[in-house]
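Just so you know, this note's numbering puts 218 at position 163 of the sequence shown, and the rest follows in order with no gaps.
The beta-carbon is built from N, C-alpha and C at its ideal position, and this holds for glycine as well.
One structure below.
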Amino acid sequence: MAGSIENMSAVYKKYSYVPPSPPTKLIDSSNFLLDFSSRKFLNIGLDPADKFNTVIHIITPSRFVNISPDFLKRIYRLMGNILSFILDQPQKYKRNLFLDSDSMSISSMVYQGENMLVIESKIQDGCRILLNRSDLLQLQYLEWTIFETVERKTKIIKPLVIQQINQIAAYLKSSVELASRSLEEMTNHVKSINNVFISSHVIGITDYNFTSELQLYAANHIAQRWMEELEKDEVRKYLFFYLNQILIYFTFYRNIPKSVLRFFLHQRFTVYSIKKVNLLFHPCPHRHHHLHRVNLYQYGAELQPMKMMDHTDHSTPNY
């Protein structure tokens, strides 16, 4: 008996409803109402999980879909065909496929005696919504308002958000010392900073300040940017040390004035050497023919790899 109960429990779990994961939090989210009685909304904002691109969430009481503005434009192009089908008499078992892409599909179905539009995601399990006639008419009514909002967020809000992330990361790099540079610890520190101080002293006075939202929804992106800034500093220090070693070597062992060598490096000349015997500076007009350059941040020069030459004087150098 116990075995049969366990088997039935396994079967029940297999067919039990598994709700989809909730939608991601959006930066500077704008909300539009499709139908209050059925709790259907449309949210537009910047998605931190999608490189802060503008996305659209259509949310119902139990499910949602995440679509791009370009995909919504495709829905509006098909709106005439969609509405003509939705307004027809419902016919059981009749299903139309309006659009099928790699990530989304748009089809129709009859639900509770009414024609419905089905928007379903192919890459997120359980992400599917149903829109009836009144929902589609309201969506069509909001068309210009929706795309004005998308345009504003894409061209104005997104550059400001990225700029403020860089400003916060630069402040943390110069003002905060951590015992370890784990991403988790840096993310926790970003969440704990004083947003009032950041707003007034780091971001400055501006009409759009997203410090609090960035701390809540994009703290890991700020921490990642912070870590990248620290790594860049380490690379700069390494290259500065490496360049100094080159200057010292050629100054003391090649009898070349340091100012001359620095001039050649500024002019982005190619350095050729054979077995530390002779040195020849040669202008490189076609730098794209040379591979594996290292950018010298301190001097704005390009350090070329040493290149072997056949016409070399193999006399012993004077040290």
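Can you tell me whether Gly135 is buried or exposed, with buried defined as 16 or more other CB within 10 angstroms of its CB? Burial call: exposed.
Would Phe119 and Val216 qualify as a contact pair, given that the criterion is a beta-carbon distance under 9 angstroms? no
Under a Cβ-count criterion, where at least 16 other Cβ atoms within 10 Å of its own Cβ denotes burial, should Pro340 be classed as buried or exposed? Because the pLDDT of Pro340 is 45, which lies under 50, any placement of that residue in the model is unreliable, and the question is left without a value.
Would you kindly work out how many angstroms separate the C-alpha atoms of Met164 and Leu285, rounded to a whole number? 55 angstroms
For Tyr166, the first and last residue of its enclosing beta strand (DSSP E): 159-166
Could you pull out every residue in the same chain whose Cβ sits closer than 6 angstroms to the Cβ of Lys177, ignoring the five residues on either side in sequence? Ser158
Where His369 falls: helix, strand or coil (DSSP): Any answer about His369 is weak, because its pLDDT of 44 lies below 50 and its placement is not dependable; what the coordinates show is given next. In the structure shown, His369 sits in coil (DSSP, three-state: anything other than H, G, I, E or B).
For a minimum of 4 consecutive residues, which ranges assigned as the alpha helix (DSSP H) are wholly contained in the region 236-278? 238-247, 266-272
Considering only residues of the same chain and omitting the five flanking positions on each side of Pro78, which have a CB-CB separation below 8 angstroms? Asn98, His112, Ile114, Phe119, Asn121
What span of residues does the beta strand (DSSP E) with Thr79 cover, start to end? Element bounds for Thr79: n/a, residue is neither H nor E.
Per-residue DSSP class, three states only, for Val290: The answer is helix: DSSP assigns Val290 an H, G or I state.
Could you please give the first and the last residue of the uninterrupted beta strand (DSSP E) stretch that includes Ser189? Looking at the DSSP string, Ser189 is not in any beta strand (DSSP E); the run it does join, the alpha helix (DSSP H), is 188-196.
Quick one: what's got a C-beta closer than 8 angstroms to Ile377's C-beta in the same chain, skipping five residues either side? No information on residue 377 is available, as it lies outside the stretch 56 to 374 that the chain covers here.
Verify whether the separation of the beta carbon atoms of Leu138 and Leu88 is less than 9 angstroms. no
By a C-beta neighbour count over all protein chains shown, 10 Å radius and 16 as the cutoff for buried, is Tyr382 buried or exposed? With the chain represented from 56 up to 374, any question about residue 382 goes unanswered, as that position is not in the structure.
Bridge partners of Gly100, per DSSP? Val110
Please report how far the alpha carbon of Glu203 lies from the alpha carbon of Ser189, in whole angstroms. Taking the straight line joining both Cα atoms gives about 22 angstroms.
How is Lys384 classed by DSSP in three states: helix, strand or coil? In the structure as shown, the chain begins at 56 and stops at 374. Residue 384 is therefore absent and cannot be evaluated.
Apart from the five residues on each side of it in sequence, which residues of its chain come closer than 7 angstroms, Cβ to Cβ, to Ile258? Excluding the 5 residues flanking it on each side, Ile258 has same chain C-beta neighbours closer than 7 angstroms at Gln219, Gln222, Asn264, Thr266, in chain order.
Do you know whose CA, among Pro75, Leu101, Lys80, Ser92, lies nearest Lys210's CA? Ranked by Cα distance from Lys210, the options Pro75, Leu101, Lys80, Ser92 are led by Leu101.
For Ile122, the residue or residues it bridges with in DSSP: Ile111
How is the beta strand (DSSP E) around Asn170 delimited, first residue to last? 169-176
How would you write the range of the beta strand (DSSP E) that Leu154 sits in, first residue to last? 152-155
Can you give the Cα-Cα distance for Glu232 and Lys208, rounded to whole angstroms? Straight-line Cα distance between these residues: approximately 34 angstroms.
Quick check on this structure: which residue in Ser156, Ser162, Leu142, Asn299 has the alpha carbon closest to the alpha carbon of Arg150? Ser162
Could you give the distance in angstroms between the alpha-carbon of Glu198 and the alpha-carbon of Asp125? C-alpha of Glu198 to C-alpha of Asp125: approximately 13 angstroms in a straight line.
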